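Undergrad: Here it is, the structure in full.
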Amino acid sequence: MPEKPGQTGYHDGVIRFVLAFIAAHIVTEYGGQQPWLTRVFSIDYYIEYGSTLAITILDIHIVYWVTLQLDRKFSWLDHPVFRGLLQVAFGLLLPTLITFLLAAGYFRLYGMDILDTNYHLYALPFISSLIALFNVYYLVRYLLREREHYWQMVLQSDRDNSMVAPATMPAPEPGMPLLEKSVFIVHTPTRSFPVATGDIAYFYREEGQVYLRAFAGNKHILSQSLEQIEEQLNKDDFFRVARHMIASRAAVRGYEKDTYGKLSLKLEPTPEYKRSITISQNKAGKFREWLDR
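Read in order, the letters of the sequence shown correspond to residues 1 to 293 in the UniProt record's numbering.
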């Protein structure tokens, strides 16, 4: 199975160091009064550039490490708002604060108070904007990898799965009425085809992608949302057990009482990403009524 974005690193160590050298040079020259060719022959330039480079490398590494951790726990697709807040807090504000503290220490070595300078008025906001660009760089990389992963999954799904095709589905006899909602039309990014609802175990959403899981074990990536799918299904046969799942009655193998009035649902086949599905307290009563019909 193709690896999901965030499961491995971005493999951009060389790019990070190149960006660090460029950013350190820009910060060093920002607001300078003397031409660079004049400063380059001064030892003070290399001291300033070296300290700025060290701080920049640290900042980029912090952004990289924070991004990796958040990719694994809070994907942009599943938690866009919360992920954005965490990225700003730990990927922007934290390295900006660390930069200020390290710069204050640098000024202290020269017997200066950083608050007596204009560093926090001009240089720090400029550095913070560069840190923000590092975050944007990783967001773009994430979205590109997500798109690549998505299409790899689509192609693999089309190759490996053998869901019921239109030619294999029995045609109704002349004069026989069609059963309402006995067939679900699957829309994948590459094709559309009907599947008997009795062959469907559940629909679920993972990492922003919606899947159909059949009782036979195979699955398909769908281009429909769970809300669109729910409208097409017979409410007697399928139930929205959670925000991320719609389950077939035939897939339910039992449930247990959980804390605070919630239910722990057992399904067959067992979901790959969760061994049990938690039904919220608000849905628990309706689920029991639906199951007892």
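The beta carbon of each residue, even a glycine, is placed where N, CA and C say it ideally should be.
Computed from a predicted structure; not experimentally measured.
#1: DSSP three-state call for residue 340: helix, strand or coil?
#2: Can you pull the DSSP bridge partners for GLY9?
#3: Measuring straight from C-alpha to C-alpha, what distance separates LYS283 and HIS79?
#4: DSSP has ARG213 in a bridge; who is on the other side?
#5: For HIS79, which of helix, strand or coil comes out of DSSP?
#6: Report the residue from HIS120, LEU222, SER280, ARG240 whose alpha carbon sits nearest the alpha carbon of ASP258.
#7: Where do the ends of the alpha helix (DSSP H) carrying GLU231 lie?
#8: Select from THR270, SER42, PHE215 the residue whose C-alpha is nearest the C-alpha of GLY254.
#9: What are the boundary residues of the alpha helix (DSSP H) that LYS286 is part of?
#10: Among the candidates GLU256, GLY208, LYS219, whose CA atom is the shortest distance from the CA of VAL186?
#11: Residues in its own chain within less than 8 angstroms of GLY217 by CB, not counting five upstream and five downstream?
#12: Secondary structure at HIS187, three-state DSSP: helix, strand or coil?
#13: In the structure shown, what three-state DSSP assignment does LYS235 receive?
#14: Apart from the five residues just before and just after THR278, which ones in its own chain have a Cβ nearer than 8 angstroms to its Cβ?
#15: Do you know whose CA, among SER128, VAL88, ASN135, HIS25, lies nearest TYR10's CA?
#16: Would you grab the beta carbon distance between THR197 and ASP237 for me? Rounded to a whole angstrom, and I think it's under 8 angstroms.
#17: To the nearest angstrom, how far is it from the Cα of ASN118 to the Cα of LEU53?
#18: Could you give the first and the last residue of the continuous beta strand (DSSP E) run that contains LYS266?
#19: How about GLU230 and LEU77: do their beta carbons lie closer than 8 angstroms?
#20: For SER51, which of ASP199, HIS61, LEU102 has the nearest alpha-carbon?
#21: What's the call for GLY91, buried or exposed, on a 16-neighbour Cβ count within 10 Å?
#22: Just the Cα atoms here: how many angstroms apart are TYR64 and SER128?
#23: Does the Cβ-Cβ distance between ILE62 and LEU19 come in under 8 angstroms?
#24: Using the Cα positions of VAL27 and PHE126, report the straight-line distance between them to the nearest angstrom.
#25: Going by DSSP, which residues form a beta bridge with HIS247?
#26: Alpha carbons only, please: which of ALA104, HIS244, LEU133 is nearest the one belonging to LYS274?
#27: Measuring alpha carbon to alpha carbon, tell me which residue in ASP59, PHE287, TYR122 is nearest SER248.
#28: How about ARG213 and TYR202: do their beta carbons lie closer than 8 angstroms?
#29: Looking at the structure shown, is VAL18 part of a helix, part of a strand, or coil, going by DSSP?
#30: Near ILE246, what residues of its chain come up, given a Cβ to Cβ distance below 8 angstroms and the 5 sequence neighbours on each side ignored?
#31: Select from ILE22, ILE60, MET112 the residue whose C-alpha is nearest the C-alpha of TYR49.
TA: Reading off the structure:
#1: The shown model of the chain, from 1 to 293, leaves out residue 340, and the question about it has no answer.
#2: GLY9 is not bridged to any residue.
#3: 22 angstroms
#4: TYR202, LYS219
#5: coil
#6: SER280
#7: 226-232
#8: Ranking THR270, SER42, PHE215 by Cα distance to GLY254 puts THR270 first.
#9: 281-291
#10: LYS219
#11: PRO269
#12: strand
#13: coil
#14: ALA242, ASP258, LYS262, LEU263, SER264, LEU265
#15: If we check each option's Cα against that of TYR10, ASN135 comes out closest.
#16: The beta-carbon separation of THR197 and ASP237, rounded to 6 angstroms, stays under the 8 angstroms limit for a contact.
#17: 20 angstroms
#18: 263-267
#19: no
#20: LEU102
#21: buried
#22: 15 angstroms
#23: no
#24: 8 angstroms
#25: For the record, residue 247 in the displayed sequence is Ala; it is not His. BP columns for ALA247 point to TYR202, PHE239.
#26: HIS244
#27: PHE287
#28: ARG213 is a Cβ neighbour of TYR202, given a cutoff of 8 angstroms.
#29: Three-state DSSP puts VAL18 in a helix.
#30: If the five residues before and after ILE246 are omitted, its C-beta is found closer than 8 angstroms to the C-beta atoms of TYR202, PHE203, TYR204, LEU226, ILE229, GLU230, LEU233, PHE238, PHE239, ARG240, all from its own chain and listed in chain order.
#31: Looking at the Cα atoms, ILE22 is the closest of the given residues.
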